[in-house]
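Residues in the sequence shown are numbered from 9 upward in steps of one, following the numbering used here.
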Amino acid sequence: MLLEVRIRFNRFVVIFTTISCILLVLSFSTYAQTGIIRTELQPGITIVCRPSYQIFLECSISHGKSINQTLSSVLSDPTEVQKYKNLRAVAIPLNRVRTSLYLQIFMLIFNQDNITPEGWKHTVPQGYRLDDNEINLWIIALSGDTTKKVDIMKHPKNSGKKLPLSGGNQIFFPSSIFSPELKEQLTKKARTAEETEQNLLEPMDAIDEDWGDIKTSTNGTVLSKELQYGKDTLGEYATYKLKAGETIYSVIVRFTDYTDHADILKVCEVVKKRNKISNERTVKPGTMIKIPLDMLSDIYLPSGKEERRIADEVKKEVEQIKRTKKTTGTTNTLKGVVVIIDPGHGGRDHGAPRYKEKILEDEINYDIACRLKEYLEQKTQARVYVTLKDESQNYTPSMNKTFTHDTDEYILVTPPHNPQDSVSSAHLRWLLANSIIRKEEKAKIPREKMIFISIHCDATYKSSIRGLMVYIPGANYYRGIEKLPKFGDDVNYSIYKEWQENQPKTYTINERINSEARSRLFAQILIKTAQKNHITVHSNGSAIRNIIRRTKYNAYVPAVLRNTDIPTKVLVECANLADPSDLQNVADPKWRQKMAETIAEALSTYFDN
Ligand SMILES: [Zn+2]
Numbered sequence: 009m010l011l012e013v014r015i016r017f018n019r020f021v022v023i024f025t026t027i028s029c030i031l032l033v034l035s036f037s038t039y040a041q042t043g044i045i046r047t048e049l050q051p052g053i054t055i056v057c058r059p060s061y062q063i064f065l066e067c068s069i070s071h072g073k074s075i076n077q078t079l080s081s082v083l084s085d086p087t088e089v090q091k092y093k094n095l096r097a098v099a100i101p102l103n104r105v106r107t108s109l110y111l112q113i114f115m116l117i118f119n120q121d122n123i124t125p126e127g128w129k130h131t132v133p134q135g136y137r138l139d140d141n142e143i144n145l146w147i148i149a150l151s152g153d154t155t156k157k158v159d160i161m162k163h164p165k166n167s168g169k170k171l172p173l174s175g176g177n178q179i180f181f182p183s184s185i186f187s188p189e190l191k192e193q194l195t196k197k198a199r200t201a202e203e204t205e206q207n208l209l210e211p212m213d214a215i216d217e218d219w220g221d222i223k224t225s226t227n228g229t230v231l232s233k234e235l236q237y238g239k240d241t242l243g244e245y246a247t248y249k250l251k252a253g254e255t256i257y258s259v260i261v262r263f264t265d266y267t268d269h270a271d272i273l274k275v276c277e278v279v280k281k282r283n284k285i286s287n288e289r290t291v292k293p294g295t296m297i298k299i300p301l302d303m304l305s306d307i308y309l310p311s312g313k314e315e316r317r318i319a320d321e322v323k324k325e326v327e328q329i330k331r332t333k334k335t336t337g338t339t340n341t342l343k344g345v346v347v348i349i350d351p352g353h354g355g356r357d358h359g360a361p362r363y364k365e366k367i368l369e370d371e372i373n374y375d376i377a378c379r380l381k382e383y384l385e386q387k388t389q390a391r392v393y394v395t396l397k398d399e400s401q402n403y404t405p406s407m408n409k410t411f412t413h414d415t416d417e418y419i420l421v422t423p424p425h426n427p428q429d430s431v432s433s434a435h436l437r438w439l440l441a442n443s444i445i446r447k448e449e450k451a452k453i454p455r456e457k458m459i460f461i462s463i464h465c466d467a468t469y470k471s472s473i474r475g476l477m478v479y480i481p482g483a484n485y486y487r488g489i490e491k492l493p494k495f496g497d498d499v500n501y502s503i504y505k506e507w508q509e510n511q512p513k514t515y516t517i518n519e520r521i522n523s524e525a526r527s528r529l530f531a532q533i534l535i536k537t538a539q540k541n542h543i544t545v546h547s548n549g550s551a552i553r554n555i556i557r558r559t560k561y562n563a564y565v566p567a568v569l570r571n572t573d574i575p576t577k578v579l580v581e582c583a584n585l586a587d588p589s590d591l592q593n594v595a596d597p598k599w600r601q602k603m604a605e606t607i608a609e610a611l612s613t614y615f616d617n
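What follows is the structure in structure tokens.
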């Protein structure tokens, strides 16, 4: 609720954090399985909350700031900084953190709570226990006062509740205990809703209409007539005329890069307020909807914006690559091509789950990967690597229609790593990929002849939005290969050979444009091949996205796409597990085979023809 005023839409800041929880978006598992909540406070500082309300901050070197600079901004006793000289990463328990940060920390961790001017209704997370001690911690966080004593349980809204509370129980903290800061945030939120004095300007520009990959946009209408740009007291916006059958939700999915259902709902609220819409059901086709400009995907921005300029450069580069591509004359052999297949999740991290239907994302990803590997090895001369191995299944495709959660998948780093969550495992995947790439380069394979394909399924959009989507590395949203701390994300990275051999580097903007263009070209080919093979493709706006946008973070490129050191790299979301038809498809071994062969066919078109 409150988050909508806290949304940060800074398109100019490139995310480049060493410890990040960015891949959380691709997984529902971390929270559900372990009860550990991780979220970023600021670059270099991750908030970690373990059951039961054990909160600490993981601080690491980031953005060229020394650990001491980072620490002195969070420690309640800044003289303690001296203790941590020369360390790369430190975990600070909450009781040594400045009280003034508590509110922000609690808002980030418990962002699903219901906060209104009357009070804060907190839902105890699963696996947690809330007793007197925890209540005192909450009071300090919300009041900013370490000495405040109130009997929260006497409040009428908590009547009949007995301590300790457990997962799923709710507790109400009345606004009478709120700090002035929290009260002010809540009134600001109310004020924003009123401030809708609008001042229409002439449209600034029209958008180019022949983007190769947005032909799938709803009913193929001409984009330049669909979006107009303007500015009012609340800032720049684009207007869009709502068509029959469209909702604000579908408009957000189409023109922005929000993919998470809860996020899209939050953004819908922002857009509704911006347009003074109180009840969406009363909105008629033909209504002009204003969308804040900084929410739009790069390709929908007016020309003149830096992000749009880079998007246009990428587009030119795609055409350039197409022109210079030579057919090898050896169709469908993939000779001299290296394919690194990365099945998403595995180990304890099962990815997006459909427990009732017995479908687990990691098993689907792995099976498509096995089928792709088998096909490429039987029918082509490609050199195939898979980042993950299931010890019991090996690489045999599965004929199963339902799955149980087995945990014996290992990332093939040295020594092998059994994934516990999607964050650390993503880092180990690109470390492994880069070591394969270095080896193949020594064997005289140029990096342009290598590809990294991460295979996933999402369950983020609501059902009815379905089909294949491809993520590519947005040139404007990352820098290069990151330096990972020795310890981070609950993993000792330094024991892995691939970590020891990691070579951090910064790419030039031209290198990143070239990489986005190559990845985009492959993605376009994959989408076309899928359409030809009757695999459903995401049809609400572009099926190719160069960033993931979340309300909690700045826009980002997934870690495996930022850090894998070759130009062509994609993350494929084969289907939306929240959609019943997609769910039926992934359960079918024949469909999984078709998906794998579609990827193989796209590889041949991209590299051979
Ligand atoms: Zn996934």
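Every residue, glycine too, gets a C-beta built ideally from N, C-alpha and C.
Top-ranked residue by Cα proximity to residue i, from the options
{"i": "S184", "options": "L194, N177, G176 and G175", "result": "L194"}
{"i": "L79", "options": "K397, Y248, A99 and I113", "result": "A99"}
{"i": "G294", "options": "L250, D302 and K313", "result": "L250"}
{"i": "D265", "options": "M603, K323, I299 and N283", "result": "I299"}
{"i": "T241", "options": "N522, R282 and I318", "result": "R282"}
{"i": "C378", "options": "D350, K452 and H358", "result": "D350"}
{"i": "D573", "options": "I556, N522, T537 and S472", "result": "N522"}
{"i": "L529", "options": "E126, Y614, K457 and T47", "result": "Y614"}
{"i": "R553", "options": "S81, K540, E48 and A531", "result": "A531"}
{"i": "K560", "options": "Q120, E385, L368 and I480", "result": "Q120"}
{"i": "A567", "options": "D375, A595 and L440", "result": "L440"}
{"i": "L108", "options": "L83, A97 and W128", "result": "Contrary to the premise, residue 108 reads as Ser rather than Leu in this sequence. Selected option, being the one with the closest Cα: L83."}
{"i": "L384", "options": "I143, V132, L611 and C67", "result": "L611"}
{"i": "Q62", "options": "I53, N103 and E449", "result": "N103"}
{"i": "Q112", "options": "T54, D466 and K157", "result": "T54"}
{"i": "S60", "options": "C67, L145 and E48", "result": "L145"}
{"i": "D47", "options": "S74, L116, K93 and K91", "result": "Asp is not the amino acid found at residue 47; the sequence shown has Thr there. For T47, the nearest C-alpha among the options comes from L116."}
{"i": "N402", "options": "T410, E417 and A390", "result": "E417"}
{"i": "G7", "options": "H269, Y564 and E288", "result": "No answer is possible for residue 7: it lies beyond the span of the chain, which begins at 9 and ends at 617."}
Any non-hydrogen atom of ligand 1 closer than 8 Å to residue i Cβ
{"i": "D466", "result": "yes"}
{"i": "A583", "result": "no"}
{"i": "H546", "result": "no"}
{"i": "A360", "result": "yes"}
{"i": "N442", "result": "no"}
{"i": "E369", "result": "yes"}
{"i": "N144", "result": "no"}
{"i": "S286", "result": "no"}
{"i": "N408", "result": "no"}
{"i": "S430", "result": "yes"}
{"i": "H413", "result": "no"}
{"i": "N373", "result": "yes"}
{"i": "H425", "result": "no"}
{"i": "H353", "result": "yes"}
Residue i - partner residues in DSSP beta bridges
{"i": "K239", "result": "E244"}
{"i": "F615", "result": "None; F615 has no bridge partner."}
{"i": "R553", "result": "Y479"}
{"i": "L368", "result": "P361"}
{"i": "P300", "result": "Y245"}
Residue environment, residue i, which counts as buried when at least 16 other CB atoms sit within 10 Å
{"i": "R331", "result": "exposed"}
{"i": "D221", "result": "In this prediction, D221 has a pLDDT of 35, which is less than 50 and means its spatial position is unreliable; nothing more can be read from the coordinates."}
{"i": "M407", "result": "exposed"}
{"i": "K598", "result": "exposed"}
{"i": "E210", "result": "The predicted model places E210 with a pLDDT of 23, which falls under 50 and marks its position as unreliable; any figure quoted below should be read in that light. Flag for E210 reads exposed."}
{"i": "S589", "result": "exposed"}
{"i": "A525", "result": "buried"}
{"i": "C29", "result": "In this prediction, C29 scores a pLDDT of 35, lower than 50, which makes its location untrustworthy; no coordinate-derived value is stated."}
{"i": "P481", "result": "buried"}
{"i": "Q386", "result": "exposed"}
{"i": "W219", "result": "Here W219 scores only 37 on pLDDT, less than 50, and its place in the model should not be relied on; the value that follows carries that caveat. Result: buried."}
Endpoints, beta strand (DSSP E) assigned at residue i
{"i": "F460", "result": "M458 to D466"}
{"i": "F181", "result": "Q178 to P182"}
{"i": "L490", "result": "Sequence check: residue 490 is Glu here, not Leu. Segment: none, E490 is in no beta strand (DSSP E) and carries neither H nor E."}
Range covered by the alpha helix (DSSP H) that runs through residue i
{"i": "K281", "result": "H269 to R282"}
{"i": "E506", "result": "K505 to Q508"}
{"i": "Y418", "result": "Note, Y418: premise wrong, no alpha helix (DSSP H); beta strand (DSSP E) at E417 to I419."}
{"i": "A149", "result": "D140 to S151"}
{"i": "I113", "result": "Y110 to I117"}
{"i": "T78", "result": "I75 to S80"}
{"i": "L534", "result": "I517 to K540"}
{"i": "A97", "result": "Careful: A97 lies outside any alpha helix (DSSP H), inside the beta strand (DSSP E) at A97 to P101."}
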